[in-house]
Every structure is written in structure tokens, then in C-alpha cells.
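Worksheet: one structure, shown below.
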Amino acid sequence: AQSVTQLGSHVSVSEGALVLLRCNYSSSVPPYLFWYVQYPNQGLQLLLKYTTGATLVKGINGFEAEFKKSETSFHLTKPSAHMSDAAEYFCAVTSNNNAGNMLTFGGGTRLMVKP
Amino acid sequence: EPEVTQTPSHQVTQMGQEVILRCVPISNHLYFYWYRQILGQKVEFLVSFYNNEISEKSEIFDDQFSVERPDGSNFTLKIRSTKLEDSAMYFCASRTGGSGNTIYFGEGSWLTVV
């Protein structure tokens, strides 16, 4: 079974500050890892994903995440927060062994950006 | 850019009524999914559908739930007799073949059972 833990259900940063959203996963097989963002009253939009290859992946809107196998982590970062980044962020895991490739989601982290 | 579309965006129904949530996945996609998100909780997998049959389902997806792809474009989720606890946002999603490919989500259908 796979699982995802997102530490911190709410994170508040000032505009221009570093954004760090934490994600740890559990998987008995090599994972595929995803970050999705959900803006108010909208669906889930893919920010970035890791499947194989380079462990530092870059996504949309200036976000990036690094897959660290030794730490079973896939933390999401952005050097400088913008007001428009305020949203809920979900980390998710699946794997090649997963017949339907369905995603297991973490509980989400709501990012608030203060002016 | 192609997108997954869902209807209705919001539905209110009485307990015990049947509900059908509709989805049009991205046209060249092969795998189809339903997820749900109860208010304030995490997004949960319900069911995956491939090659005209269910490939995986969670324990949430009991006999009250069914899925269908009736005409090669629509993908529907039916809840036979709704309960209060079925109130949630239901997301349809789809992807192409191949492991690790991105799952694209629709904007969701809010279901409120009263």
C-alpha cells in the first residue's frame, strides 16, 4: 500500500518569501510523485511530477520539487511567493505496479500568502 | 488545451434519490477515474476504468455506485440511493496509456445530499 503525508495543513508566508510545502511518501516500489494545486472553486491542476530520471523537477508557476529517495520526500518549493499562489496543494503518489495507476493523495496543505 | 469536463457543477438531491454525474474525458485518453473529496478532507480514489471495465475500485465504491461509458465519449458515475455522507466534490479524471502519465482532472461536481 502507498501513503502520503503532508506536514502542515496550513502554511502562511509573506509575499516574496520562500515557499516550502512538505511531502513524505511511503511506497514499497519505486514511486511516481505528483503535486497538484487546487484554486478556490476549481479542480486539480498538475504543478509537476517525478517519474524517473532527474530528481529535481520543475513545474509551472516557478515551483519545483526534489525527489529524495533516502528521505522518502518530495517537498515542493518556490523561491518567492506571489499572492496568486494562495491555494491548496496536494501531493500524490502512484507507481508502475499500480494496475490502474490511481493516485493516493496526501491531506493537502493550504498556502496563505500575506501582503 | 484539451480538458476534462464535468456536469453538473453542483447538484442538490434528496436522500435516497439516484444521481448521475457526467464526465467527458480528454478524447485520446484510455484510463478514466472518479475521485471524491468530502469537505475538509483529502481527495479519495473511488474507481478506475479501462477497456470498458473497472480495473480498480476502493472500499468506498460499494454496490450503491456504478460507472459506465455508454457512448465512447461520456463517462458517468451513478449513485443509486444517495446518503447524507455522499455529499462531496466528485472529480472525474483521465489519462493516456503508459505508466506515470499525468492524470488530468475535471473541475468537479459538487453533490449535496439533503
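If you're matching them up, the sequences are chains P and G in order. Here this note's numbering is used: the first residue of the first sequence is 3, the next is one more, and so on. Here this note's numbering is used: the first residue of the second sequence is 296, the next is one more, and so on. No residue lacks a Cβ here, since even glycine has one placed at the ideal position from N, Cα and C. This structure is a prediction, so every number in the text was calculated from the model and none was measured.
Any chain G beta carbon closer than 7 angstroms to residue i
| i | result |
| --- | --- |
| residue 55(P) | no |
| residue 10(P) | no |
| residue 107(P) | yes |
| residue 49(P) | no |
| residue 104(P) | yes |
| residue 44(P) | yes |
| residue 34(P) | yes |
For residue j and residue i, the rounded distance between their alpha carbons
| i | j | result |
| --- | --- | --- |
| residue 310(G) | residue 357(G) | 17 angstroms |
| residue 340(G) | residue 43(P) | 20 angstroms |
| residue 492(G) | residue 76(P) | One cannot answer for residue 492(G) here, as it falls past the ends of chain G, which runs 296 to 409. |
| residue 333(G) | residue 11(P) | 16 angstroms |
| residue 312(G) | residue 377(G) | 6 angstroms |
| residue 302(G) | residue 368(G) | 14 angstroms |
CB contact check: residue i to chain P, cutoff 7 angstroms
| i | result |
| --- | --- |
| residue 327(G) | no |
| residue 389(G) | no |
| residue 397(G) | yes |
| residue 340(G) | yes |
| residue 402(G) | yes |
| residue 351(G) | yes |
| residue 361(G) | no |
Cross-strand partners of residue i (DSSP beta bridge)
| i | result |
| --- | --- |
| residue 317(G) | 302(G), 371(G) |
| residue 349(G) | 344(G) |
| residue 35(P) | 52(P), 95(P) |
Residue i, DSSP secondary structure in three states
| i | result |
| --- | --- |
| residue 86(P) | helix |
| residue 71(P) | helix |
| residue 58(P) | strand |
| residue 26(P) | strand |
| residue 380(G) | helix |
CB-CB length for residue i against residue j, believed under 8 angstroms
| i | j | result |
| --- | --- | --- |
| residue 4(P) | residue 106(P) | 5 angstroms |
| residue 113(P) | residue 21(P) | 7 angstroms |
| residue 39(P) | residue 89(P) | 5 angstroms |
| residue 389(G) | residue 407(G) | Not a contact, Cβ separation roughly 25 angstroms. |
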